[in-house]
Amino acid sequence: GDSVTQMEGPVTLSEEAFLTINCTYTATGYPSLFWYVQYPGEGLQLLLKATKADDKGSNKGFEATYRKETTSFHLEKGSVQVSDSAVYFCALSDRGNRDDKIIFGKGTRLHILP
Amino acid sequence: DTEVTQTPKHLVMGMTNKKSLKCEQHMGHRAMYWYKQKAKKPPELMFVYSYEKLSINESVPSRFSPECPNSSLLNLHLHALQPEDSALYLCASSQVLSSGNTIYFGEGSWLTVV
Chain D
1 GDSVTQMEGP VTLSEEAFLT INCTYTATGY PSLFWYVQYP GEGLQLLLKA TKADDKGSNK
61 GFEATYRKET TSFHLEKGSV QVSDSAVYFC ALSDRGNRDD KIIFGKGTRL HILP
Chain Z
1 DTEVTQTPKH LVMGMTNKKS LKCEQHMGHR AMYWYKQKAK KPPELMFVYS YEKLSINESV
61 PSRFSPECPN SSLLNLHLHA LQPEDSALYL CASSQVLSSG NTIYFGEGSW LTVV
């Protein structure tokens, strides 16, 4: 079945450091890929998405490129801020499946130190 | 505007109480979802409604009873809950129930069962 694997963390970085959170997936059909962010005490917010191979999603300085050849959707940011501290979930929704279940990775907790 | 509104934000209830969680969206979405999220875990799907009809029930205990009064509203009725049901309950919506669609989440309702 479909699955998402992401580095579990926690990841601790200093402010202005470069961030990469790895995400790889397996899917039987044609997935759309997503990154969601959950700030402390809040719900999930859609951070960015990509719907087909080679698409790049971007938002708030974060980027991720849909790489079909490596089945990856790694999240990157060039210079992180303390306010980026949160849990990040990689997710997929597979157009090849009959049901509309979004599959989440386990989440990566990110701590940014001032 | 991608907004899903949930009330109440916090709820404390006894094991013999009856309470309800409410969710509203005005994006014209025709698929609505309930998720349950425990600490440090990804959200788990509970129910999916498509065009106001229950489409998916992930074998959720009957003490949780969903209701979709119209295309904008989704309720979750709670009765005789157990302390282990304490969690963050997330409502979400998407345009239609078809794989690949983007799912938008609310801020969640924090439920504590005492």
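Chains D and Z, in that order, are what the protein sequence lines are.
Under this note's numbering, think of the first position of the first sequence as 1, with each following residue one higher.
Under this note's numbering, think of the first position of the second sequence as 1, with each following residue one higher.
Idealized CB from N, CA, C, for every residue including glycine.
Predicted model, so just to flag it, every value in this text is computed and none were measured.
Residue i burial status per 10 Å Cβ neighbour count (16 or more: buried)
| i | result |
| --- | --- |
| D/D54 | exposed |
| Z/T16 | exposed |
| Z/P61 | exposed |
| Z/E107 | buried |
| D/F18 | exposed |
| Z/Q82 | exposed |
| D/G57 | buried |
| Z/P66 | buried |
| Z/N101 | buried |
| Z/A39 | exposed |
| Z/E54 | Note that residue 54 of chain Z corresponds to Leu in the displayed sequence, not to Glu. Classification of Z/L54: exposed, given that the 10 Å Cβ count is below 16. |
| D/K77 | buried |
| Z/D1 | Confidence at Z/D1 is low in this model, with a pLDDT of 49, below 50, so the placement of that residue should be treated as unreliable; the coordinate-derived value is given next. The residue in question, Z/D1, is exposed, as its Cβ has fewer than 16 Cβ neighbours within 10 Å. |
| D/K101 | buried |
One or two residues paired with residue i in a DSSP bridge
| i | result |
| --- | --- |
| Z/E24 | Z/T5, Z/L73 |
| D/T108 | D/Y88 |
| D/T5 | D/T24 |
| Z/K19 | Z/L78 |
| Z/Q37 | Z/L88 |
| Z/H10 | Z/W110 |
| D/V11 | D/L110 |
| D/K77 | D/L19, D/F62 |
| D/S93 | D/S32, D/I102 |
Any non-hydrogen atom of the ligand COA closer than 6 Å to residue i Cβ
| i | result |
| --- | --- |
| Z/F47 | Because no ligand of any kind appears in the structure shown, any question about the ligand COA cannot be addressed here. |
Quiz item: When you check each C-beta in the segment 27-49 of chain D against every C-beta of chain Z, which residues fall closer than 9 Å?
Solution: Result list: G29, Y30, P31, S32, F34, Y36, Q38, G41, E42, G43, L44, Q45, L46, K49.
Self-check item: Residues from the segment 94-109 of chain Z in contact with chain D, defined by Cβ distance under 8 Å
Solution: S94, L97, S98, S99, G100, N101, T102, I103, Y104, F105, G106, E107, G108
Practice problem: Identify each residue in the segment 38-49 of chain Z for which the Cβ-Cβ distance to at least one residue of chain D is less than 7 Å, and report them in chain order. | Solution: P42, P43, L45, V48
Quiz item: Enumerated in chain order, which unbroken segments of the alpha helix (DSSP H) with a length of 4 residues or greater are wholly contained in the segment 13-72 of chain D?
Solution: none
Practice problem: Give a yes or no on contact between the segment 84-96 of chain Z and the segment 19-37 of chain Z, applying the rule of three or more CB pairs nearer than 8 Å. | Solution: yes
Quiz item: Between the segment 60-70 of chain D and the segment 45-52 of chain D, are three or more C-beta pairs nearer than 8 Å?
Solution: yes
Practice problem: Please list the segments of the beta strand (DSSP E) lying wholly inside the segment 43-104 of chain Z, counting only runs of 3 or more residues, in order along the chain. | Solution: Listed in chain order, they are 44-50, 53-57, 64-70, 73-79, 87-94.
Self-check item: Residues in the segment 77-94 of chain Z having any Cβ partner in chain D nearer than 7 Å
Solution: Residues L90.
Quiz item: When the Cβ atoms of the segment 11-28 of chain D are set against those of the segment 107-114 of chain D, are three or more pairs found closer than 8 Å?
Solution: With the cut-off at 8 Å, the segment 11-28 of chain D and the segment 107-114 of chain D touch.
Self-check item: the segment 79-90 of chain D: positions lying closer than 9 Å to chain Z by Cβ
Solution: Shown in chain order are the members of the segment 79-90 of chain D whose Cβ falls below 9 Å from a Cβ of chain Z: V87, F89.
Quiz item: Of all the residues that make up the segment 60-73 of chain D, which are near chain Z by a beta-carbon distance shorter than 7 Å?
Solution: none
Quiz item: If we count Cβ pairs, one from each stretch, closer than 8 Å, do we get three or more for the segment 41-54 of chain Z versus the segment 104-111 of chain D?
Solution: yes
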